[in-house]
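See below for the structure under consideration.
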Amino acid sequence: MSEAIESSGPAPAAGSVGVETPFRRFVSDFFESKVASMAAVVLGLIVFIAIFAPFISPQDPYDLAQVSILDAKLEPGTKSMDGWTFWLGTDGAGRDLLSAMFYGLRISLGVGVMSGIVAMCIGAAIGLAAAYFGGRVDTLIMRIVDIQLSFPAILVALILLALLGKGVDKIVIALIIVQWAYYARTVRGSALVERNKEYIEAATCLALGHNRIVFRHMLPNCLPPLIVVGTIQTAHAISLEATLSFLGVGLPISEPSLGLLIANGFDYMLSGKYWISFFPGVALLITIVSINLVGDQLRDVLNPRLQR
Amino acid sequence: MTVFIIRRLSQSLVVMLVMSFLVFSGVNLVGDPTEIFLNDEATEEERQQTIRAMGLDKPWYIQYAKFLGNAVQGDLGKSFVYSESSLGIIAERMPATFELALAALVLAVIFGIPLGVFAGLKPEAGFSKAVMAGSILGFSLPTFWVGLMFIMVFAVMLGWLPSTGRGETASLFGIQVSFLTLDGLQHLFLPALNLALFKISLVIRLARAGTREVVHQDYIKFARAKGLTTRRVIFVHLMKNIMIPVVTVLGLEFGGLIAFSVVTETVFAWPGMGKLIIDSIQTLDRPVIVAYLMIIVLVFVVINLIVDVLYSILDPRVRLQDVKA
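Each protein sequence line maps, in turn, to chains W and Z.
Each residue of the first sequence is one higher than the last, beginning at -4 in our numbering.
Each residue of the second sequence is one higher than the last, beginning at -13 in our numbering.
Listed below in structure tokens is the structure:
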């Protein structure tokens, strides 16, 4: 097994020095797959770009002093008035598309991750409560979850945004409401299994409080499936936000996510200026695919039934 | 069976009622729809008059009771924008959406099942691996962006297919449909393929997983041992058994197709319900939003019922009484 790890190259835990902690085992298992390692590296790069967008972009696309309308709709690779190159061309307002994409990635990723984390916390708490208390509480919560999940996410989000209006906060709220049910169902499923195990019985016999048992004893054992669902759901959230922004019900023009960049390019596409929609879409696609691949690998690694 | 259907119907009724309340009260909280009809110089009196004319001056529960009473009689209010029955406006656009969704479903089956079965029969072949990689891509590609790229490639660059509208329609049982005319078919193909992309990936995965499971069953071995041709084994013995999950999921996904047609219709300017709801959200046309939602809920309830019944026909082991609704 250690040979396989060393041959896979970039595994940070490749060295067999030290004790095998669960975390190390997890890391080495994860990087066994070449595809997943690559996806993780790409994802790391994307996160890096998103965080440091202002420092690595060739241009600040929203600083009017740096943007010239004379540069509008230039093809990829053309030189700007000041002599530097627009590698991916410019959009309708003369902004460097690469820089606009870096900033857009920041917003898309931020919205997706933020809504994912909050939805995970809310969903996990509700799911744990359902599993721990059982009975009527469980029935009621799960009925609500079932009904919500019987409607497509896009429809629920669309209606919520119709009610709430545009804005970053609004779309985050809508995405949280759309997503919490997935987390609640996942956590409830694994918590139901955990509830009947001896350590919970032991904790109950020690007369520990509900909160302590649920959050300190049950929750840590329900985490693996939650992490997997969290990764996949974040990809969904990013895609959903882009779709909603494209439809004109998501983010306002002042917060140009990748979806809005694509929507802006739509107007110019029929005249053959493909790049304004094309490149932001590619960036969106790479982000979603790499998150999904990492999520798939996490599922394989964290599933004890598939333990090699 | 009858007991099951009755129980399901009553449950659906409760869901409809709860949804109608949620939707109505939700929509009732939105901004102020009178603003659209009044300009800035409108006097207070004009404002009050408009509010009265729209029935917005009454308490919400009276509005809701009235809404519910009317809804039962098939009247979901007049559109603020079109001044026509909102149900009528939606019914007018419904065939276009259903046609699009059905066409997408057909494409999903035509492409998905053969590719999935092949990938399941020969999992190690290069082509199978390519198909599976493609299906991952199909899951990850954002629908609206693929639609744009379709327009870009097939309409703008190659000029093969038109990019907007329904094209020429023909009348079938009094409903206008596109697929009976050549022009309509050309208009239908791109949006339908766009909408189907996600479902094609799904069907590929289902068909592949089903095939891999079924292939090792004893009855397949027995059919082979009997000396049946490979063709017969695949098309009769194997197909029949992989169809159960495919039919269920496709049935359930039909609702999803109708919901997702919002995106495709916006991209391709397809004049269906989805485009209508986007327009209505932008103009805060509340009766249309409410009516659309109620119809969508109804569609979902009906689809779920049909799928469960179909399920029991396809798989005699399933007893409907045991199926949780």
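Here a beta-carbon is modelled for each residue, glycine too, at the ideal position from N, C-alpha and C.
Quick caveat, the model's predicted, so the values are computed rather than measured.
- Query: What is the DSSP secondary structure of W:D347, reduced to helix, strand or coil?
  - Reply: The structure shown does not extend to residue 347 of chain W, since chain W is modelled only from -4 to 303, so the question has no answer here.
- Kindly identify the DSSP beta-bridge partner or partners of Z:K64. Per DSSP, Z:S71.
- Query: Can W:P147 and Z:G145 be called in contact, C-beta distance under 8 angstroms?
  - Reply: Z:G145 is positioned such that its CB atom lies no closer than 8 angstroms to that of W:P147.
- Query: What residues from chain Z crowd round W:G276, counting only those whose CB sits closer than 8 angstroms?
  - Reply: Correct list: P128, W131, L134, M135.
- Task: Compare the beta carbon distance of W:S103 and W:A258 with 8 angstroms and say whether it is the shorter of the two.
- Result: Taking 8 angstroms as the Cβ cut-off, W:S103 and W:A258 do not qualify as a contacting pair.
- Task: Please classify Z:T215: does DSSP put it in a helix, a strand, or coil?
- Result: Reduced to three states, the DSSP call for Z:T215 is coil.
- Please confirm whether Z:G106 and Z:R194 have their CB atoms less than 8 angstroms apart. Yes, the pair counts as a contact, with Cβ atoms nearer than the cut-off.
- Taking only beta-carbon positions, decide if W:M213 is within less than 8 angstroms of chain Z. It does not; no Cβ of chain Z falls within 8 angstroms.
- Is DSSP giving Z:V309 helix, strand or coil here? Low confidence applies to Z:V309: its pLDDT is 42, below 50, so where it sits in the model is not reliable, and the reading given next is rough at best. If DSSP states are grouped into helix, strand and coil, Z:V309 belongs with coil.
- Is the segment 71 to 91 of chain Z in contact with the segment 31 to 41 of chain Z, if contact means three or more CB pairs nearer than 8 angstroms? These segments do not touch.
- Message: Going by DSSP in three states, W:T85 sits in which element: helix, strand or coil?
- Response: Residue state, collapsed to three classes: strand.
- Message: Rounding to the nearest angstrom, what Cα-Cα distance links W:G122 and W:V209 in this structure?
- Response: The straight-line gap from Cα to Cα measures roughly 11 angstroms.
- Interface positions of the segment 272 to 284 of chain Z facing chain W (Cβ-Cβ less than 7 angstroms), listed along the chain: Taking 7 angstroms as the Cβ-Cβ cut-off against chain W, the residues of the segment 272 to 284 of chain Z that qualify are I275, L279, I282.
- Taking only beta carbons into account, state which residues of the segment 224 to 248 of chain W come closer than 8 angstroms to chain B, listed in chain order. No chain B is present in this structure, whose protein chains are W and Z.
- At what residues does the alpha helix (DSSP H) containing Z:F184 begin and finish? DSSP places Z:F184 inside the alpha helix (DSSP H), whose first and last residues are 168 to 200.
- Item | Contact set for Z:I137: own chain, Cβ-Cβ below 8 angstroms, skip 5 residues either direction | These residues qualify, in order along the chain: S149, L176, V253, F254.
- N-terminal and C-terminal residue of the alpha helix (DSSP H) that Z:Q34 is part of: 30 to 39 is the span of the alpha helix (DSSP H), which, as asked, contains Z:Q34.
- Query: Since Z:G120 is in the alpha helix (DSSP H), which residue starts that stretch and which ends it?
  - Reply: Where Z:G120 is concerned, the enclosing alpha helix (DSSP H) stretches over 112 to 126.
- For Z:L134 and W:M96, believed in contact at Cβ under 8 angstroms, the rounded distance: Contact doesn't hold; Cβ gap of about 16 angstroms is too wide.
- Message: Within a Cβ cutoff of 6 angstroms, which residues of the same chain sit near Z:F125, ignoring the five residues on either side of it in sequence?
- Response: Cβ neighbours of Z:F125 beyond the five flanking positions: S187.
- Message: I'd like to know whether the C-beta of Z:M2 is nearer than 8 angstroms to at least one C-beta of chain W.
- Response: Not an interface residue.
- Message: So that I know if they touch, is there some Cβ in chain W lying closer than 8 angstroms to that of Z:M118?
- Response: False, the Cβ-Cβ gap to chain W never drops below 8 angstroms.
- Rounded to a whole number of angstroms, what is the C-alpha to C-alpha distance between W:L155 and W:A124? Here the C-alpha atom of W:L155 lies approximately 26 angstroms from the C-alpha atom of W:A124.
- Take every Cβ of the segment 201 to 217 of chain W, pair it with every Cβ of the segment 277 to 291 of chain W, and state whether three or more of those distances are shorter than 8 angstroms. In short, these stretches do not touch, since the Cβ pair count stays below three.
- Cutoff 8 angstroms: Z:T252 Cβ touching any chain W Cβ: Z:T252 counts as touching chain W.
- Spell out whether any CB of chain Z is found under 8 angstroms from the CB atom of W:S28. Contacts with chain Z at 8 angstroms (Cβ-Cβ) do not include W:S28.
- Query: W:P53 versus chain Z: which residues are under 9 angstroms apart at the beta carbon?
  - Reply: Within chain Z, no C-beta atom comes less than 9 angstroms from the C-beta of W:P53; the nearest is roughly 24 angstroms away.
- Z:Q35 to Z:G74 span [Cα, whole Å]: Roughly 26 angstroms separates the two Cα atoms.
- Does the beta-carbon distance from Z:A178 to Z:A57 come in below 8 angstroms? At the C-beta level, Z:A178 and Z:A57 stay beyond 8 angstroms of one another.
- Query: If you measure beta-carbon to beta-carbon, which residues of the segment 254 to 266 of chain Z are closer than 9 angstroms to chain W?
  - Reply: When CB distances to chain W are screened at a threshold of 9 angstroms, the residues of the segment 254 to 266 of chain Z falling below it are I263, I264, S266, in chain order.
- Neighbour list for W:I149 in chain Z, Cβ cutoff strictly below 8 angstroms: In chain order: A245, F246, V248, V249.
- Where does W:S266 fall in DSSP's three states? DSSP places W:S266 in the coil class of the three-state scheme, outside both helix and strand.
- Look up W:N191 in the DSSP assignment and say whether it is helix, strand or coil. In the structure shown, W:N191 sits in coil (DSSP, three-state: anything other than H, G, I, E or B).
- Message: Assuming W:R101 and W:A48 are in contact, meaning their beta carbons sit under 8 angstroms apart, how far apart are those beta carbons, in whole angstroms?
- Response: A Cβ-Cβ separation of about 5 angstroms places W:R101 in contact with W:A48 under the 8 angstroms criterion.
- Residue environment, W:A197, which counts as buried when at least 16 other CB atoms sit within 10 Å: Sixteen is the threshold: since fewer than 16 other Cβ atoms of the shown chains lie within 10 Å of the Cβ of W:A197, the residue is exposed.
- Message: Do W:L253 and W:L279 have their beta-carbon atoms positioned less than 8 angstroms apart in this structure?
- Response: Judged by beta-carbon spacing, W:L253 lies within the 8 angstroms limit of W:L279, meaning their Cβ atoms are closer than that value.
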